[in-house]
Amino acid sequence: MNLLLRNAAYIDWKTLDFSVKNIIVRPGDDTIQLIGRDDDGIVYPDTEVIDCAGKLVTKSFAVGHHHAYSALARGMGAPKKIPRNFHEILQYVWWILDKQLDAELIEMSALVTAMECARNGSTFVIDHHASPFAVKGSLEIIARAFEKVGVSHLLCYEISDRDGKVIAGEGLEETENYLKDHRGLVGLHASFTVGDDTLGRAVELMQKTRSGIHIHVAEDNHDQEKSLSEHGRRVVVRLSEAGVLSSSKSILVHCLHLDDMERELIRNSPAWVAENCESNLNNKVGYFNGAGLGENIMLGTDGMHSDMLQSIRAAFFAGQDYDNISYDSAYRRFRNVHRYLNENGFRGDGDNNLVILDYDSPTPVTKENFIGHLLFGISSRHITDVISGGRLIVRDRKITTVDEREILKQSRKQAERLWKKINHL
7 MNLLLRNAAY IDWKTLDFSV KNIIVRPGDD TIQLIGRDDD GIVYPDTEVI DCAGKLVTKS
67 FAVGHHHAYS ALARGMGAPK KIPRNFHEIL QYVWWILDKQ LDAELIEMSA LVTAMECARN
127 GSTFVIDHHA SPFAVKGSLE IIARAFEKVG VSHLLCYEIS DRDGKVIAGE GLEETENYLK
187 DHRGLVGLHA SFTVGDDTLG RAVELMQKTR SGIHIHVAED NHDQEKSLSE HGRRVVVRLS
247 EAGVLSSSKS ILVHCLHLDD MERELIRNSP AWVAENCESN LNNKVGYFNG AGLGENIMLG
307 TDGMHSDMLQ SIRAAFFAGQ DYDNISYDSA YRRFRNVHRY LNENGFRGDG DNNLVILDYD
367 SPTPVTKENF IGHLLFGISS RHITDVISGG RLIVRDRKIT TVDEREILKQ SRKQAERLWK
427 KINHL
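Take the numbering used here: the final residue in the sequence shown is number 431, and no numbers are missing along the way.
Below, the structure is given as structure tokens:
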């Protein structure tokens, strides 16, 4: 069914130009049609009408880096051994959790993540998955769950040698099988858990499938220390020599502990950087600084949550002391994920992805001050409706595509099952 958004204060996401229009949105058509309000009396067949008087309408959001597999960790008890550093956080929390994931837990994590993304206005997610004892078919499970909710996706499996060569091989095989019929990326965990053989095979697969590498880079100094001791060069130099940076589809996540040469290598490459401020703060690994990295910087959540409005605020506020970030550059990073997807030919992020905001501002909202409202006023509580691919997936703050209440009921049961598995180790 088509949608007609009447009396919408439409904000062009690229120019921030405002215009009060009626908007026709059609499923399967990446474009939208802006029409004058003098046609208010016209009846459009097979069309649902949404009155947007007093509301803002703009392009929906997208997540530049996510971990859906972590969705059922919220509220989980403390690990049996308290981590003393970032590497131990991985060892005693995330590498314990991901080993317990099975098909049911993967599906539930993906459904919950997709619903939260939709509620928070994101209709496209770039995800980085890990389930070392349930590798086969995991990406297809996530894809089906996201599509059930109505959220587009770009997936990868986090290939790593940390659980042995056999599981690393399964990750490569899962990736190759998935990429035969789906768009996606070749995922790697991080340099310090990926040996030269696995790195080389991943880059070969990237080149064979004309894809990109999605990898954590210098999130903590441990990554650099291991690269220097085991490979004799810094992380970005190693990745560059292997060919990772040669693809405009490659995503380098975090990029905190870099020297000037590494920043230059990234800046002079077509690869992208994904900033994840809140995860950095939570793990005490440092602060992001975009200096010298170029313009290909986008924002992610790193599995901390599914709220990109929260991510832009965190990046802006934390960046006041540690980053050269302004209103304009914060907004560019927030919206750069659309440029990444468009320039690399990934479908699913067309103009028919929209978010409707019932923003009760006490002050005027204009082209000139919209970014200020985005940083200091607009939040996910203002989102009433979300349109994905021309399809209404959130209506009056309720998911329309799946039974949200039933899924949350089941997710709580699955979370308890996951926690018991972890506690019995």
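From the three backbone atoms N, C-alpha and C, an ideal C-beta is built for every residue, glycine too.
Any chain C beta carbon closer than 8 Å to residue i
i	result
N429	This model lacks chain C altogether; it includes just one protein chain.
Residue i vs residue j beta-carbon contact at 8 Å
i	j	result
T390	D402	yes
T215	L185	yes
T37	G356	yes
S256	A280	no
L78	M121	no
S217	V192	yes
A74	D133	yes
D198	K142	It should be noted that the sequence gives Phe, not Asp, for residue 198. Cβ distance not < 8 Å, so F198 and K142 don't count as in contact.
L431	I102	yes
Residue i - DSSP class collapsed to helix/strand/coil
i	result
W19	coil
I413	helix
I303	strand
T129	strand
K87	coil
S246	helix
T199	helix
T390	strand
T120	Thr is not the amino acid found at residue 120; the sequence shown has Ala there. Correct three-state label for A120: helix.
Unbroken beta strand (DSSP E) run spanning residue i, endpoints
i	result
K65	62-65
G156	Careful: G156 lies outside any beta strand (DSSP E) and carries neither H nor E.
E54	53-57
V343	That residue, V343, is in no beta strand (DSSP E); its alpha helix (DSSP H) goes 333-349.
S76	Note, S76: premise wrong, no beta strand (DSSP E); not H, not E.
D229	That residue, D229, is in no beta strand (DSSP E); its alpha helix (DSSP H) goes 227-237.
R353	From DSSP, R353 is part of no beta strand (DSSP E); its letter is neither H nor E.
L448	This structure gives no information on residue 448, because the portion of the chain shown stretches from 7 to 431.
S317	Note, S317: premise wrong, no beta strand (DSSP E); alpha helix (DSSP H) at 314-328.
Cβ-Cβ separation, residue j to residue i (assumed contact under 8 Å), whole Å
i	j	result
I41	K27	7 Å
D308	S285	4 Å
S158	V392	No, S158 and V392 are not in contact; Cβ-Cβ is about 12 Å, not under 8 Å.
T178	L211	The sequence as given places Leu at residue 178; Thr does not occur at that position. Indeed they touch by this definition, with Cβ atoms about 6 Å apart.
V259	H71	5 Å
L117	V155	7 Å
D108	A140	5 Å
H222	A196	4 Å
A436	D167	Summary: the structure shown does not reach residue 436, with the chain confined to residues 7 through 431, and so no result is reported for it.
I17	T64	4 Å
Those residues which DSSP pairs with residue i across a bridge
i	result
F24	I17
H220	G193, I257
W278	I257
I41	N28
N8	T53
Residue interval of the alpha helix (DSSP H) (run including residue i)
i	result
L380	376-382
R403	First-last for R403: undefined, no H or E at that position.
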